[in-house]
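Beneath this line is the structure, given in structure tokens, with notes to follow.
Numbering (my numbering), first residue to last: 1 to 249.
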């Protein structure tokens, strides 16, 4: 009898992990990891929740960082299934590792200041003022390249007090009062919700950032990853991106 009970208990114990792995309808759940540009942090958290609601058999996990850092992770073989960068150059440099990309959104730059703009920054020219503490994204970061481009076009020499590894790090420096101003994406300033002030950059002086998304060839969940990348161009995804301040591709 004891042996019978032992066998019964063992069978029940073995059944538990099998039940935990299953999902509604008997389908197993796939978990995909998406490497995404830091400026997508807030909106992609919403997008991931919306996608999982539509696709209960797929869990989406994100890893956010500067696009250059994400590219380095891909080259080093970090386990991931899809990639979304804040520029086409970074994605184009990963042709050997990524599938055919599709631009899912666009963005523009703005000047972030301390709340109420106490240093009275009025435009790009003011960023070259002596004594103004300006922080920019590093040159290898897409936001840093865009910032350099628009400053060079205006023939402005700006000496930042620091160059940050991501645009979100720039935003943090300004919001914490460690810098008087910085150049960030419009969407970053929108996400800050009053923690920073903003000074618009005219279209004629601005730069447009494109966000391409692609599956990674090393993915172990190619179908799920491809489906998520495709979904990012859907009406629902574009609605979420638009509400966060991103522009249509």
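Where a beta carbon is used, it is the ideal one built from N, C-alpha and C, also for glycine.
At least 9 Å separates the beta-carbon of residue 131 from that of residue 137. DSSP places residue 43 in no beta strand (DSSP E) but in the uninterrupted alpha helix (DSSP H) bounded by 41–54. The closest CA to that of residue 88, considering only 106, 73 and 82, is found on 106. At a cut-off of 3 residues, the continuous stretches assigned as beta strand (DSSP E) that sit fully inside the segment 170–200 are 181–185 and 197–200. In the displayed model, residue 163 falls within a strand according to three-state DSSP. Within the same chain, Cβ atoms closer than 7 Å to the Cβ of residue 221 are found at 30, 32 and 81, the five residues on either side in sequence being excluded. Judged by beta-carbon spacing, residue 135 lies within the 9 Å limit of residue 178, meaning their Cβ atoms are closer than that value. Contact between the segment 169–185 and the segment 45–54 is absent: fewer than 3 CB-CB pairs across the two stretches fall below 8 Å. Between residue 48 and residue 61, the CB-CB gap stays under 9 Å.
Counting of Cβ neighbours within 10 angstroms places residue 223 among the exposed residues, the total staying below 16. For residue 246, there is no enclosing alpha helix (DSSP H), since its DSSP letter is neither H nor E. Membership of residue 69 in the alpha helix (DSSP H) is indicated by the continuous run 67–75.
Ranked by how close their Cα comes to the Cα of residue 68, the residues 166, 123 and 146 have 166 in first place. Considering only 184, 206 and 202, the residue with the shortest C-alpha distance to residue 196 is 184. Taking the Cα positions, residue 226 is about 18 Å away from residue 92. Beta-carbon to beta-carbon, residue 38 and residue 111 are separated by about 18 Å, too far to satisfy the 8 Å threshold. With fewer than 16 other Cβ atoms inside 10 Å of its own Cβ, residue 100 counts as exposed. Within the same chain, 38 and 166 come within 7 Å of residue 65 by CB-CB distance, once the 5 residues on both sides are set aside.
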